[in-house]
Amino acid sequence: MGYRVLIVDDSKLARMSVGKALDALHPDWVRVEAATAEDAAALLDEVDLVLLDFNMPGKDGLEFAAELRGLHPDMPVAIISANHQVEIVNRAGAVGAAFLPKPLTAQALAGFLDDAAERLKAAGL
Amino acid sequence: MSAPVAKVLDAFELDALTELVNIGVGRAANSLREMVGEQVHLSVPKISLLARNDAVRLLGEREEDKLVAVHQVFDGDIHGRVLLIFPEKKSLELVRAVTGGELSLEDIMELEHEALAETGNIILNGCLATIANLLERNLKMSLPEILKGDGPEFFELDPPTDTGEVVLFLYIDFALRSRDINGYIVMLMDMPSLTALKVLLREFIHRTTGAAPPRQDA
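Chains as they are written, first to last, in our numbering: chain D, 634 to 758; chain S, 292 to 509.
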């Protein structure tokens, strides 16, 4: 079945670019988009997994991931950023999020999505 | 005269450029982190496209004190100059942050020039090299040069360019070792270069999204 993926990025271009990669890998999955963490928060109940930009105006991706984790302990989450400083990668790990470097490659995205699909299936979703 | 300048890039092209700069600044943060040995925070850049006079006025309104700039010239499919500008009184703070703060004031002052050039070079190259790579073009960068002044002279550097030059004005905050240092990245280019950049941005948008961008993203 097709999972519902929430793409959160302040850049429309980045959302379209992630969307294109996602379509190529899983054409049957449904894409939901938000430009801010605040907008994304309202959509969490409708989605199965989340792809999150780190550097956004307002709440950043890591702050949002930490909040999300409190509400949805098992939801697969990936942080996407060009900024791969070890502190940021570690913080992503600490909130149980995968870290994917930007610009996103199909290979990196596929790895995360396969893992997410397995976890969702194991959880009976 | 400022209205046509602001309209050269549409909202989607400006979004694409902001994303390129964002990736570039993210990479620069990694490099700075290697240099200072602890996390570096760089804010999401805010970009405006301005005529030169408006850029001079904006900088004058925001910063009243003396300024310091790291300046580099770039050349290739697009050419122009790029400057990292911040308040001069923050300059020694920046040097302290990148050198680790163990040095005497005398040493710091001696190292100021070198540390500024190196830091500026990392940030400016991080941005421009990333933009060039993602646009699939090559840009040559000159060595960094340090300038001090009030602001307007940074926009009037030799050799003189035509007055129709446009300015891409970016505002970023960076925090190093918990010292807040705000700065500006300024790209100056002429109209033919901006037009070339617009074409490259459209190609980039097409490559990454697989779709022609909407005509107007109002």
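Glycine included, C-beta positions come from ideal geometry on N, C-alpha and C.
Can you tell me whether residue i is helix, strand or coil according to DSSP?
i: M432(S); result: strand
i: S382(S); result: helix
i: N473(S); result: strand
i: I496(S); result: helix
i: G371(S); result: strand
i: S293(S); result: Below a pLDDT of 50, predicted positions are generally treated as unreliable, and S293(S), at 44, falls in that range; the measurement from the model is reported next regardless. Helix.
i: M482(S); result: helix
i: L461(S); result: strand
i: G442(S); result: coil
i: S714(D); result: strand
i: L742(D); result: helix
i: V728(D); result: coil
i: L448(S); result: coil
i: L308(S); result: helix
i: L488(S); result: helix
i: L733(D); result: strand
i: V299(S); result: coil
i: E720(D); result: helix
i: E456(S); result: coil
i: L758(D); result: coil
i: G315(S); result: helix
i: A509(S); result: Note that A509(S) scores a pLDDT of 40, beneath 50, so its modelled location is shaky; the value from the coordinates is reported in the next line. Here A509(S) sits in coil by DSSP.
Is residue i buried or exposed, if buried means 16 or more other CB atoms sit within 10 Å of its CB?
i: V719(D); result: exposed
i: P435(S); result: buried
i: T309(S); result: buried
i: P709(D); result: buried
i: P690(D); result: exposed
i: K431(S); result: exposed
i: K645(D); result: buried
i: N321(S); result: buried
i: V490(S); result: exposed
i: G635(D); result: exposed
i: P483(S); result: exposed
i: E494(S); result: exposed
i: N723(D); result: exposed
i: G411(S); result: buried
i: S650(D); result: buried
i: S433(S); result: exposed
i: A294(S); result: Its pLDDT being 46, under 50, A294(S) is placed unreliably by the model, and the measurement read from it follows with that caveat. Label assigned to A294(S): exposed.
i: D686(D); result: buried
i: Q330(S); result: buried
i: P336(S); result: buried
i: M292(S); result: Caution applies to M292(S), whose pLDDT of 44 falls short of 50 and renders its modelled position unreliable; the value that the coordinates give is listed next. Burial call: exposed.
i: N716(D); result: buried
i: N429(S); result: exposed
i: L358(S); result: buried
i: S395(S); result: exposed
i: E352(S); result: exposed
i: E456(S); result: buried
i: A725(D); result: buried
Opposite residue i in the DSSP bridges: which residues?
i: Q363(S); result: V373(S)
i: P706(D); result: Note: P706(D) sits in no beta bridge, so no partner.
i: A699(D); result: Partner(s): none; A699(D) has no beta bridge.
i: L467(S); result: V331(S), R470(S)
i: L639(D); result: V665(D), V683(D)
i: I437(S); result: V361(S)
_Could you tell me which whole beta strand (DSSP E) segments of length 3 or greater appear in the region 645-696 of chain D?_
For the region 645-696 of chain D, whole beta strand (DSSP E) runs of length 3 or above, ordered along the chain, are 663-667, 682-686.
*Does the region 414-429 of chain S come close enough to the region 350-369 of chain S that 3 or more CB-CB pairs lie under 8 Å?*
yes
*Which ranges would you report for the beta strand (DSSP E) in the region 324-360 of chain S if only whole runs of at least 3 residues count?*
As far as the region 324-360 of chain S is concerned, its whole beta strand (DSSP E) runs of at least 3 residues are 331-333, 337-342.
*Check whether the region 651-668 of chain D touches the region 725-735 of chain D, counting contact only when three or more Cβ pairs, one atom from each stretch, lie closer than 8 Å.*
no
*In chain order, which continuous runs of the alpha helix (DSSP H) of length 4 or greater are located wholly inside the region 391-426 of chain S?*
396-425
*Pairing CB atoms from the region 293-307 of chain S with CB atoms from the region 686-705 of chain D, are three or more of them under 8 Å?*
Because the criterion of three Cβ pairs below 8 Å is not met, the region 293-307 of chain S and the region 686-705 of chain D do not touch.
*Please confirm if the region 742-758 of chain D is in contact with the region 468-482 of chain S, defined as three or more CB-CB distances below 8 Å between the two stretches.*
At 8 Å Cβ cutoff, the stretches do not touch.
*Can we say the region 456-474 of chain S touches the region 381-399 of chain S, given the rule of at least three CB pairs closer than 8 Å?*
Yes, the region 456-474 of chain S touches the region 381-399 of chain S.
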